[in-house]
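As structure tokens, the structure follows; a few thoughts come after it.
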Amino acid sequence: MKWGDGAIYNTLKADLDLHNAKKNNSKDALIADVAIANGSHSSLPIGTWLKPPRNTEAW
Numbered sequence: 005m006k007w008g009d010g011a012i013y014n015t016l017k018a019d020l021d022l023h024n025a026k027k028n029n030s031k032d033a034l035i036a037d038v039a040i041a042n043g044s045h046s047s048l049p050i051g052t053w054l055k056p057p058r059n060t061e062a063w
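Take the numbering used here: the final residue in the sequence shown is number 63, and no numbers are missing along the way.
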């Protein structure tokens with residue numbers, strides 16, 4: 005298992021915190037960073053993963 009370089013972690017955590025600051029955002033970002041470093045990711049660029057739902061009142 006490879007660890008990420010931290011750049012993706014920082015970007016994901018900032019996006020998660022911007023939309024919904026929760027204690028587990030750091031864990032979620034770390035899980036995603038490691039998954040991406042190990043090849044478990046989609047081909048979507050960062051930023052398109054965290055689009056709000058159509059009902060933006062929930063955000």
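All C-beta atoms in this analysis are idealised placements derived from N, C-alpha and C, irrespective of residue type, glycine included.
Quick caveat: nothing in here was measured; it's all calculated off a predicted structure.
Cβ neighbours of residue i in the same chain (closer than 8 Å, five flanking residues each side left out)
| i | result |
| --- | --- |
| Ile-40 | Gly-8, Ile-12 |
| Lys-6 | Val-38, Ala-41, Asn-42 |
Beta-carbon gap between residue i and residue j smaller than 7 Å
| i | j | result |
| --- | --- | --- |
| Asn-29 | Asp-21 | yes |
Own chain, CB closer than 6 Å to residue i, minus 5 neighbours either side, in chain order
| i | result |
| --- | --- |
| Ala-36 | Leu-16 |
DSSP-derived helix/strand/coil call for residue i
| i | result |
| --- | --- |
| Asn-14 | helix |
| Asn-29 | helix |
| Asn-42 | coil |
| Asp-37 | helix |
| Asp-19 | helix |
Close Cβ partners of residue i (< 7 Å) along its chain, the five nearest in sequence each way excluded
| i | result |
| --- | --- |
| Ala-33 | Tyr-13, Leu-16, Lys-17, Leu-20 |
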